[in-house]
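Structure record follows, encoded as structure tokens.
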């Protein structure tokens, strides 16, 4: 045998077959991952919220009160313990969703509902119970996003802002405020109350183009990355710090040959972790005064987040030859460990406070709690944004449960089985859900202490033939379970919810049943069979959260009888 | 336009061979798969941006080799791999068993450039010009490196009948 043939023959034996579908799927996933990350790293180093109009943002800022609680006089908290790691993943089935990884067991659970929505750049409240996240849904215009909250256990998002160019939320150490950034020029760092009100620009951060804020442990200062964000490459970004009032703006890194971004201020120590790229890639830490810089990793490692106990940092590994996923590095850089086998973006480590608050409600501003009833009415009449799912809104205010307090009305948008989001209703004409979406009205009773309970839910606009939600009577109340596991109770006294199924629809509205000038609650069920719809309306008097049956009407139609009128009929609220 | 069917065809027919080639050069199959997938991903993205790629297998192979050459993690992995296979030096190898380990040992004893030239030539059937372009060296360098690699491999694999090195691939 000739040498060439022999060598070739031996080399050929090294060729092993491959599972094409598996490799292709992995490639596709990595490609989507990179596209998402490229958006994160481009320009403002932000995600999926690139374009938006200045007018929209002006409306956004007008919608917020300007007298919200301001941080700055906070006190350091006890050293928290490490909880789960929350991160985003681009799913092959669509959307970018939040997951929680328990580092002690490696268990991973999904936090956000099915669908094509995007959840990126999360921040976890200091009590460890609530996630603030940048949320986009398919019907948004390019560049639009909202900052939303999601329970740490998972569930549907609640919007804190209207759609606009917002990104990079960061919860203050005392839980009363959330800093965020604009995702398009003019950039800058903004702070709002944890309830989404009281937006204020931190002076000077717009001059340097700040983004990706992170709070100092005592809440008095923020670090952020800033620079010439519209320059697509080269070394222009540095880490800055600034007082909450805009004082003491300082460039910490001052590099001309490298970009620094994604700062994360330690919970326990006076050190800031960040990503450096261009000349030398890796995760670094530095003292806030710009001294004592230390390299922890070598590679395209991004989005560092300190463990609450300060012993390590989790980051997203993106080196070409490092298996992509989440990694941790010890605080001294001595040990780098892979913690996920799959892609992960923008990890954040959940703090578990050593002192567990007794109040089960999410962290709220004391001011917001005391003024909740007044805020409800005020926010109900705030100017409607120019566009987006919150545009218009058929319901303004209603004392739906008869307790004498005006209840908040939220609109939730649903696509398939997924609850895409919810926002506070504003005045104006009923909004129209996007293609394939359904609108769910949630009426929320907000108590003066800030606790909220959903007391009424109703589909509108479309009948949603198909299982939108499961309705079941339980111990005298009707319990509604949303497909994502969220649930709430309806008022007592309603019945006949058992027929809901693939060819059966259900909706509520208000009609003046007895012609006394007041509107009663009407529940409509409909069944689709052989092209015809058989429907039944049941009318209830409603007071104090209890519905009293008044009567019913049935009929047959060639098309679903429920049209957008149901959103409008709630405009005046139900009373009887 | 690099479409899904073309990528699947590459995965079906050329990918295993390219991975094997990169693994033989770098010493780690896992790292080779990462490198080849990264290279394929870059090719995919380049085509979507409107760039043209002549031969996809050649482009992916050379980019993957370049990728496998850089990075501290890769270097560590390669050192670890070489420690595992090099101690049994080429001259002490037993009779060729046909086991790929023999080839790996033989290749591991060669300088990296010779390994690259050898796998591109023998496993991926790239001619002298293609190999030179891919590795960024001259045609003459490819020929001399290939001749040296061939001698080294023949010696390590105890190939008695050493025929003339053909230089007609160019």
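Residue numbers (the numbering used here), protein chains in the order written: chain S, -19 to 556; chain P, 3 to 172. Cβ coordinates follow ideal geometry from the N, Cα and C atoms, glycine included. This structure is a prediction, so every number in the text was calculated from the model and none was measured.
Please go through the same chain and pick out, in chain order, the residues whose beta-carbon is closer than 7 Å to the beta-carbon of residue i, but skip the five residues on each side of it.
| i | result |
| --- | --- |
| residue 141 (chain S) | 40, 126, 127, 176 |
| residue 61 (chain P) | 45, 55 |
| residue 250 (chain S) | 267, 268 |
Suppose the cutoff is 6 Å on Cβ atoms and the five residues either side in sequence are ignored; what does the same chain contact list for residue i look like?
| i | result |
| --- | --- |
| residue 308 (chain S) | 292, 294, 317, 319 |
| residue 270 (chain S) | 232 |
| residue 12 (chain S) | 70 |
| residue 63 (chain S) | 108, 330, 332 |
| residue 261 (chain S) | 279, 280 |
| residue 310 (chain S) | 292 |
| residue 34 (chain P) | 21, 24, 25, 28 |
| residue 196 (chain S) | 245 |
| residue 92 (chain S) | 77, 78, 99 |
| residue 42 (chain P) | 62 |
Just to confirm the assignment, what range does the beta strand (DSSP E) spanning residue i have?
| i | result |
| --- | --- |
| residue 173 (chain S) | 169 to 173 |
| residue 328 (chain S) | 325 to 332 |
| residue 158 (chain P) | Run containing residue 158 (chain P): none in the beta strand (DSSP E); it sits in the alpha helix (DSSP H), 141 to 158. |
| residue 96 (chain S) | That residue, residue 96 (chain S), is in no beta strand (DSSP E); it is neither H nor E in DSSP. |
| residue 219 (chain S) | 218 to 223 |
| residue 121 (chain S) | Unbroken run through residue 121 (chain S): none, as it is neither H nor E. |
| residue 567 (chain S) | Nothing can be reported for residue 567 (chain S), as the shown portion of chain S is limited to -19 through 556. |
| residue 283 (chain S) | 281 to 286 |
| residue 243 (chain S) | 239 to 245 |
| residue 577 (chain S) | In the structure displayed, chain S extends from -19 to 556; residue 577 (chain S) sits before or after that span and is not available. |
| residue 252 (chain S) | 252 to 257 |
| residue 69 (chain S) | 61 to 70 |
| residue 191 (chain S) | 191 to 195 |
| residue 161 (chain S) | 157 to 162 |
| residue 306 (chain S) | 305 to 310 |
| residue 316 (chain S) | 316 to 318 |
| residue 90 (chain S) | 88 to 90 |
| residue 78 (chain S) | 76 to 81 |
Report back the beta-carbon spacing between residue i and residue j to the nearest angstrom; my notes put them in contact at under 8 Å.
| i | j | result |
| --- | --- | --- |
| residue 114 (chain P) | residue 27 (chain P) | 7 Å |
| residue 1 (chain P) | residue 63 (chain P) | The question about residue 1 (chain P) has no answer, for chain P in this structure spans 3 to 172. |
| residue 111 (chain S) | residue 78 (chain S) | 7 Å |
| residue 263 (chain S) | residue 248 (chain S) | Their Cβ separation, rounded to whole angstroms, is 17 Å, which puts residue 263 (chain S) and residue 248 (chain S) out of contact at 8 Å. |
| residue 184 (chain S) | residue 167 (chain S) | Rounded, the Cβ-Cβ distance is 12 Å, inconsistent with contact. |
| residue 114 (chain S) | residue 327 (chain S) | Wrong, their Cβ atoms sit about 15 Å apart, outside the cutoff. |
| residue 72 (chain S) | residue 152 (chain S) | At roughly 36 Å, the Cβ-Cβ gap does not stay under 8 Å, so residue 72 (chain S) and residue 152 (chain S) are not in contact. |
| residue 241 (chain S) | residue 255 (chain S) | 5 Å |
| residue 45 (chain P) | residue 58 (chain P) | 6 Å |
| residue 151 (chain P) | residue 125 (chain P) | At roughly 12 Å, the Cβ-Cβ gap does not stay under 8 Å, so residue 151 (chain P) and residue 125 (chain P) are not in contact. |
| residue 159 (chain S) | residue 173 (chain S) | Going by Cβ atoms, the distance from residue 159 (chain S) to residue 173 (chain S) rounds to 11 Å, so no, they are not a contact pair. |
Could you give the first and the last residue of the continuous alpha helix (DSSP H) run that contains residue i?
| i | result |
| --- | --- |
| residue 188 (chain S) | 185 to 188 |
| residue 125 (chain P) | Note, residue 125 (chain P): premise wrong, no alpha helix (DSSP H); not H, not E. |
| residue 42 (chain P) | 31 to 51 |
| residue 28 (chain P) | 17 to 28 |
| residue -8 (chain S) | -17 to -8 |
With a threshold of 16 other CB atoms inside 10 Å of the CB of residue i, please say whether the residue is buried or exposed.
| i | result |
| --- | --- |
| residue 70 (chain S) | buried |
| residue 40 (chain P) | buried |
| residue 233 (chain S) | buried |
| residue 558 (chain S) | With chain S running from -19 to 556 in the structure shown, residue 558 (chain S) is simply not present. |
| residue 145 (chain S) | buried |
| residue 154 (chain P) | buried |
| residue -11 (chain S) | exposed |
| residue 375 (chain S) | Note on residue 375 (chain S): pLDDT 31, under 50, position unreliable in the model; the coordinate value appears next. Label assigned to residue 375 (chain S): buried. |
| residue 265 (chain S) | buried |
| residue 127 (chain P) | exposed |
| residue 222 (chain S) | buried |
| residue 52 (chain P) | exposed |
| residue 533 (chain S) | exposed |
| residue 275 (chain S) | exposed |
| residue 1 (chain S) | exposed |
| residue 557 (chain S) | With chain S covering only -19 through 556, there is no way to say anything about residue 557 (chain S). |
| residue 132 (chain P) | buried |
| residue 32 (chain P) | exposed |
| residue 57 (chain S) | Confidence at residue 57 (chain S) is low in this model, with a pLDDT of 43, below 50, so its placement is unreliable and the value that follows should be read with caution. Buried: at least 16 other Cβ atoms inside 10 Å. |
| residue 122 (chain S) | exposed |
| residue 531 (chain S) | exposed |
| residue 228 (chain S) | exposed |
For residue i, which residues in the same chain have their Cβ closer than 8 Å to its Cβ, ignoring the five residues on either side in sequence?
| i | result |
| --- | --- |
| residue -18 (chain S) | none |
| residue 161 (chain S) | 24, 26, 146, 147, 148, 167, 168, 169, 170, 190, 191, 192, 193, 204 |
| residue 207 (chain S) | 188, 189, 216, 217, 218, 239 |
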